[in-house]
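Residues in the sequence shown are numbered from 73 upward in steps of one, following my numbering.
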Amino acid sequence: LAAVRDARAATLLLMVLLAAKAFNCIGYYAHVSEVAQGCAGLLLGFTNGVGIVVSLVANIIIATLVERTGSFSLPFRLTALFYVTGAAVFCLVMPAGKLNETPKEGP
Numbered sequence: 073l074a075a076v077r078d079a080r081a082a083t084l085l086l087m088v089l090l091a092a093k094a095f096n097c098i099g100y101y102a103h104v105s106e107v108a109q110g111c112a113g114l115l116l117g118f119t120n121g122v123g124i125v126v127s128l129v130a131n132i133i134i135a136t137l138v139e140r141t142g143s144f145s146l147p148f149r150l151t152a153l154f155y156v157t158g159a160a161v162f163c164l165v166m167p168a169g170k171l172n173e174t175p176k177e178g179p
């Protein structure tokens, strides 16, 4: 955002980024609910718990980085790296079909 000089463009960019994050969360929950129906609650509860712990630690790390560098540039770049890495891992690891499919008995 430092390169953006127009307040409207900066606001629009932030809105697009927040929408992308919202779509990311929606896609994750929908995908887990669909492919792991039998254990979706347990899986989502576990990932939410891990997310809370990580967010607490992340606040401390970000505060330390900003205090030492005097800028939010490094935390923003690290955040972007984590999102890209997370998207890549999700695409590589998550299967397209349901995890608990049972074979259909046919004629």
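Note that the Cβ used here is the ideal one computed from N, Cα and C, for glycine as well. Since the structure is predicted, the reported quantities are computational estimates derived from the model, not experimental observations.
{"query": "Rounded to whole angstroms, what's the CA-CA distance from Val161 to Phe154? Just pull it up for me.", "result": "10 Å"}
{"query": "Under the assumption that Val104 contacts Ala112 (Cβ atoms under 8 Å), give the Cβ distance between them as a whole number of angstroms.", "result": "5 Å"}
{"query": "Are Met166 and Val107 touching if we call contact CB-CB under 9 Å?", "result": "yes"}
{"query": "If you follow the alpha helix (DSSP H) that Ser127 is part of, which residue opens it and which one closes it?", "result": "Ala112 to Thr141"}
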